[in-house]
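Read the structure below first, then the notes.
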Amino acid sequence: MVAMNLTGSYNYALVALSVLIAMFASYAALDLAGRVTAAGGWTRAVWLLGGAGAMGTGIWSMHYIGMLAFILPIPVAYHWPTVLLSLFAAILASVIALDVVSRPKMGASRAVAGSVLMGSGIASMHYIGMAAMRLPAICQFNSSLVVMSVVFAVLISFAAIWITFHFRDEKTGIGWEKLAGAVVMGAAIPVMHYTGMAAASFTPSGTPADLSHAVSISTLGTAGITAVTFVVLGLALLTSWVDRRFATQTLELQEEKLQRSEAYLAEAQRLTHTGSWAWRVAGGDALHLSEEWYRIYGFDPENGPPAFEQLLQRTHPEDRARLKGAIDRAIDRKSDYEVEFRIVLPDDTTKYIHTVGHPILNASGDLVQFVGSSTDITERKRAEQATCLLAAIVESSHDAIVSKSLNGVITSWNKGAERLFGYAAEEAVGQNITMIIPPERRDEERMIVEQLTRGDRVDHFETVRRRKDGSLIDVSLTISPMKDASGRVVGASKLARDITERKRAEEALRQAQTDLAHASRLTTMGELTASLAHEVKQPIAAAVTDANTCVRWITRDEPDLKEAREAAWRIVKDAERASEIINRVRLLFKKGTPQRELVDVNEVAREMIVLLGDEASRHSISVRTELAEDLPHVIGDRVQLQQVLMNLIVNAVDAMHDVDGQRELIIKSQPAENNEVLLSVSDTGVGLPRQQADQIFNAFFTTKTHGTGMGLRISRSIIESHGGRLWAAGNSPRGARFCFTLPTKAGTHE
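Just so you know, the sequence shown maps onto residues 1137 to 1886 in our numbering.
Now the structure itself:
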């Protein structure tokens, strides 16, 4: 009796479900392929295994649901270890597929090899899955249909690999092209399955099925497998979507960061005056020119990149050959080059450029381009030129120019310093500045440093310094603070000028002025001889009279000692008065070095009035004083100030010799502004023409028939040496007024 094949039927709902799962799995494969491609390192391995697991589960589920859709009139169970093996085959096929499509490039050989391996894996999954069936029947296969199913598996795998590789970078939303590809793949994959199912035929067997490790699948089980499959694929898609979102955000952040970096780079290039560039060696055309490069070279970006020849034309004629030579050598040697040259812009502006180039070679070692940077170093060059000029000025200066740190260590020493102090630069640099400062003057250095640290400058400070041979020289110092970039004082520059000869000349001038002033006093006193003799004669005559009176009181028969004593006291007073007058005259006649001390100018005025009062009386001149009380003292030479007042008073008396009417001499003192005192001598004499107000202070100019023309000139020099001023003006309604100021003790300290 011939056994009849069992006739099976399909549950078309499950068939449709299997096709839907195939499409869903295909979409997941397309999506996951993009994540595997985008990932790298261990992340790629995770995505590859996870994606293969999800994709393999989907393919396996489609085949398994398709097998469940085939209904036989006998009970069917499944050997679950074999089922798991078929699942492993599906996952392995998915690993192969995802690995192939995630490569940067996919050639024909790789696509074919991947298709064969993937198709073999899918076919293995299918037939291993059928081998898991446990039923009381014998399964036989049509070899032609089996071969056809395997061929379909390979072809479908090739199509799937191609579609997946093509759509792996689809990024927009669901991706309609990707969805269409998933539909095509999902519709094609079941073709292999149902071809394989058609290759199988079942003949009843009298032997019961081996149900060990076998399970039967109910409707609930089918629903569970379907649900799990959709959940797995859904989670895979969700994970891929989340990862893509994070990747997109990361990419956006990176792009934003890149844009910021490009903006920062452009700003950095602008601030550093550096432009980047890239030139192709063959043809000399520019591959890249930054915005700053265009600005430096003066080309308009809207006109496009200039040719290399245009750049050479813009190079200074004197530097053109040197630039081209450096580039040619770099091309021959395939090496870096660095060169400085000048360019001339269309407006005749000259710039200095520093360029660095680096060669780029291709895989064959051929030079294809140069990349590099060009920096505008015009300001640096100008600074260098200014520095060189300044250094030349410093070195050629006759004055000593020295720099030092705040702790006194000498850091520079020019030729002038070598000549002035006798030390060579190598002997001085690194030593302390105290080597040229006498021990008794080292406190000056401490005070100078204190002033410098406040940021103040020291101007024309006159002092004494010591040479290498031990001799002392007079110098004038001008010292300026040196500051770092933050404005902090870090040292000082000193300019020292030898003023030894000037000091000697000044001393000689002072001595000559002193001698001249002494001679002037002698001349003036000679003119006043009669008045002075009369001034001295009065107390002497009074003393003689009182002496005779005293003798008479003593020689009387009854001596009157009381009257004699009073007469004797008058003799003493008259003698003291005569002595005081003689002392004042002696001081004025005395020749000596001026001595500065605290002086009460009111007292000086009173002394001169006492000394010259008789001369005024001889000419019927009344003397009036207006001396301010509590007038501050001045620092000066008493004799010199007496000489000035004496000269002004004598001139006033002479001016009133021949005038009619009131003759009055007024001596006035008062405080003035800027810590000064003001003294004035006014007369009612012949007056002073306006045009002669300043001329009378010239040497040898006089309005007297018997004058030397030196008195007022000497008086002005004395007052100016005291830090004051002497001038003349009219005295309304008649006469002249001479005024002078002197700084007080407080003003002198300032």
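Positions of the beta carbon are idealized from the N, C-alpha and C atoms, including for glycine. Here the structure is a predicted model, which means the values were calculated and not measured.
Contact under 8 Å by Cβ, ALA1466 with GLY1493: For ALA1466 and GLY1493, yes; Cβs fall inside 8 Å.
Between the CA atoms of LEU1848 and PRO1869 - distance to the nearest angstrom: Each residue's Cα considered, the two are about 23 Å apart.
Delimiting residues of the beta strand (DSSP E) encompassing TYR1214: Membership of TYR1214 in the beta strand (DSSP E) is indicated by the continuous run 1213-1215.
CB of LEU1281 within 8 Å of CB of THR1331, strictly: In contact: LEU1281 and THR1331 (Cβ atoms closer than 8 Å).
Supposed close pair MET1966, SER1230 - CB separation, criterion 8 Å: Missing from the structure shown is residue 1966; the chain here goes from 1137 to 1886 and no further.
Close beta carbons around SER1758, own chain, < 6 Å, minus the five adjacent residues each side: The beta carbon of SER1758 is closer than 6 Å to those of GLU1800 in its chain, skipping five residues each way along the sequence.
Cβ contact check for the region 1549-1561 and the region 1509-1523: 3 or more pairs under 8 Å: As far as the Cβ criterion goes, the region 1549-1561 does not touch the region 1509-1523, which means the pair count is below three.
Helix, strand or coil at SER1818 according to DSSP, with G and I counted as helix: In the three-state scheme derived from DSSP, where H, G and I count as helix and E and B as strand, SER1818 is classed as strand.
Runs of alpha helix (DSSP H) wholly within the region 1525-1610 (minimum 4 residues, chain order): Counting whole runs of 4 or more residues, the region 1525-1610 contains the alpha helix (DSSP H) stretches 1551-1557, 1561-1564 and 1578-1589.
Assigned secondary structure, SER1245 (DSSP; H/G/I helix, E/B strand, else coil): The answer is helix: DSSP assigns SER1245 an H, G or I state.
Secondary structure of GLU1454, DSSP reduced to three states: Correct three-state label for GLU1454: helix.
Proximal residues to GLY1859 (C-beta, below 6 Å), its chain only, five neighbours per side dropped: Around GLY1859, the same chain offers PRO1879 as residues with beta carbons nearer than 6 Å, after the five sequence neighbours per side are excluded.
Neighbour-count burial assignment, LYS1630, 16 or more Cβ in a 10 Å radius: The residue is buried, with at least 16 neighbouring Cβ atoms inside 10 Å.
Contact check, ILE1802 vs SER1818, beta carbons under 8 Å: Result yes, Cβ atoms of ILE1802 and SER1818 sit closer than 8 Å.
Those runs of the alpha helix (DSSP H) which lie wholly inside the region 1432-1483 and span at least 4 residues: Here the runs fully enclosed are 1444-1450 and 1453-1469.
Where ARG1774 falls: helix, strand or coil (DSSP): Correct three-state label for ARG1774: helix.
Cut-off 6 Å between Cβ atoms - residues of its own chain near ILE1441, not counting five sequence neighbours on either side: It is Pro, not Ile, that sits at residue 1441 in the sequence shown. Beyond the five residues adjoining it in sequence on each side, PRO1441 comes within less than 6 Å, by CB distance, of ALA1422 and LEU1425 in the same chain, given in chain order.
GLU1892 versus GLN1806 - alpha carbon distance: Any answer about residue 1892 is impossible in this case: the structure gives the chain only from 1137 up to 1886.
Buried or exposed (CB count within 10 angstroms, at least 16 for buried), CYS1686: So CYS1686 ends up on the buried side.
Status (buried if at least 16 other CB within 10 Å, exposed otherwise) for PRO1889: Only positions 1137 to 1886 of the chain appear in the structure, and residue 1889 is not among them; the question remains open.
For LEU1253 and LEU1150, the rounded distance between their alpha carbons: Distance between the alpha carbons of LEU1150 and LEU1253: 28 Å.
MET1136 and VAL1212 closer than 8 Å at C-beta: Because the chain spans 1137 through 1886 in this model, residue 1136 falls outside it and cannot be assessed.
Same chain, Cβ closer than 8 Å to VAL1626, neighbours up to 5 away in sequence not counted: Scanning its chain for C-beta atoms nearer than 8 Å, with the 5 sequence neighbours on each side dropped, one finds around VAL1626 the residues SER1541, LEU1542, MET1618, LYS1619 and ASP1620, in chain order.
Straight-line gap, ASP1766 to TRP1863 (C-alpha atoms, nearest Å): Roughly 25 Å separates the two Cα atoms.
Contained beta strand (DSSP E) runs [length at least 3] in the region 1758-1802, N- to C-terminal order: Within the region 1758-1802, the runs of beta strand (DSSP E) at least 3 residues long that lie entirely inside it are, in chain order, 1758-1763 and 1770-1772.
LEU1156 in three-state terms, based on DSSP: LEU1156 falls in the helix class under three-state DSSP.
Environment of HIS1329 [buried if 16+ CB atoms lie within 10 Å]: That one is buried.
Assigned exposure category for VAL1680 - 16 Cβ within 10 Å defines buried: With fewer than 16 other Cβ atoms within 10 Å, it is exposed.
Distance, GLY1591 Cα to ALA1536 Cα: Their Cα atoms are separated by approximately 22 Å.
Three-state secondary structure assigned by DSSP to LEU1208: Assignment of LEU1208 by DSSP, reduced to helix, strand and coil, places it in the coil class.
Own chain, CB closer than 7 Å to ALA1560, minus 5 neighbours either side, in chain order: GLU1554, listed in sequence order.
Best match in ASP1794, ILE1771 and ALA1522 for proximity to GLU1856 [C-alpha to C-alpha]: Residue ILE1771 is the option with its Cα nearest to GLU1856.
Nearest-angstrom Cβ-Cβ length linking ALA1711 and TRP1689, presumed shorter than 8 Å: About 19 Å; that fails the 8 Å criterion.
ALA1865 - partner residues in DSSP beta bridges: For ALA1865, DSSP records a beta bridge to ARG1873.
Whether VAL1740 touches GLN1778 by CB criterion (8 Å): Yes, these two residues count as a Cβ contact at 8 Å.
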